[in-house]
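Each residue of the sequence shown is one higher than the last, beginning at 486 in my numbering. Every residue, glycine too, gets a C-beta built ideally from N, C-alpha and C.
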Amino acid sequence: MPIATLNGVRINYDVTGTGTLVLMIMGTGGPGRVWRTHQVPTLVKAGFRVATMDNRGIAPSDECATGMSFDNLVGDTAALIEHLGAGPAHVVGTSLGARVVQELALARPDLVGKAVMVATAGRPHPLSRTLNLGEQGPSTTKVFSCLRSTRRPSTRC
């Protein structure tokens, strides 16, 4: 499987078939090879070019010593589509990968032909996030600092 350096991180990926690109993104801790048993052969047979990837932190892709965010994962995904010269692509994700698909569609709609999200959740609203923090019993200071936060909704307090 080839490895490309995207956004300063080595990302492992695989491409099979010809036609319109379908990029498949796994969830937390899942390697891209999970898609190879059923989905990749079926999509290739249907005439698609299918790419799978190992998100940063999933070997042999690099880990990120400073941690990672949705912005990093979305940036890596966008960079891979561009690296493959294939935008707009159909993008499929499951679990965390589906959240990456959501954020990619919002940040870079020019790269997304169709978005398929399996086992996903929507972007949390800041009020819901704050209420959840309150239910977990954090200090009042933490809750109020979260309320005053100017961070984007996709960023945890």
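Residue i to residue j span [Cα, whole Å]
{"i": "G607", "j": "R584", "result": "8 Å"}
{"i": "R644", "j": "L506", "result": "Outside the modelled stretch of the chain, which goes from 486 to 642, sits residue 644, for which no answer is possible."}
{"i": "A513", "j": "A563", "result": "The sequence given here places Thr at residue 513; Ala does not occur at that position. Going by the C-alpha atoms only, they are around 18 Å apart."}
{"i": "L581", "j": "P516", "result": "12 Å"}
{"i": "R518", "j": "I510", "result": "10 Å"}
{"i": "R614", "j": "A604", "result": "20 Å"}
{"i": "P623", "j": "F533", "result": "Residue confidence for P623 is low, a pLDDT of 46 falling below 50, so the modelled location carries little weight and cannot support an answer."}
{"i": "E588", "j": "A600", "result": "11 Å"}
{"i": "P609", "j": "D499", "result": "32 Å"}
Of the listed residues the options, nearest to residue i (C-alpha basis)
{"i": "L569", "options": "V577, L596 and G493", "result": "L596"}
{"i": "D539", "options": "L506, T522, L565 and G502", "result": "L565"}
{"i": "G552", "options": "H575, V494 and G515", "result": "V494"}
{"i": "P526", "options": "T501, T505, V576 and I510", "result": "T501"}
{"i": "A703", "options": "G514, P516, F533 and R541", "result": "Lying before the first or after the last residue shown, residue 703 is absent from the chain, which here runs from 486 to 642."}
{"i": "P487", "options": "F533, A544 and P609", "result": "A544"}
{"i": "K530", "options": "G504, P611 and A550", "result": "G504"}
{"i": "V586", "options": "D499, P609, F555 and L612", "result": "F555"}
Supposed close pair residue i, residue j - CB separation, criterion 8 Å
{"i": "G578", "j": "M602", "result": "6 Å"}
{"i": "A536", "j": "L508", "result": "5 Å"}
{"i": "S546", "j": "N497", "result": "5 Å"}
{"i": "G598", "j": "H575", "result": "5 Å"}
Exposure label - residue i; buried when at least 16 CB within 10 Å
{"i": "H523", "result": "exposed"}
{"i": "T625", "result": "Unreliable positioning characterises T625 in this predicted model, as indicated by a pLDDT of 46, which lies under 50. The coordinate reading is nonetheless provided below. Per the 10 Å Cβ criterion, exposed."}
{"i": "L528", "result": "buried"}
### Task
Any chance you could list the beta strand (DSSP E) runs of at least 3 consecutive residues sitting entirely within the stretch 558 to 590, in chain order?
574 to 579
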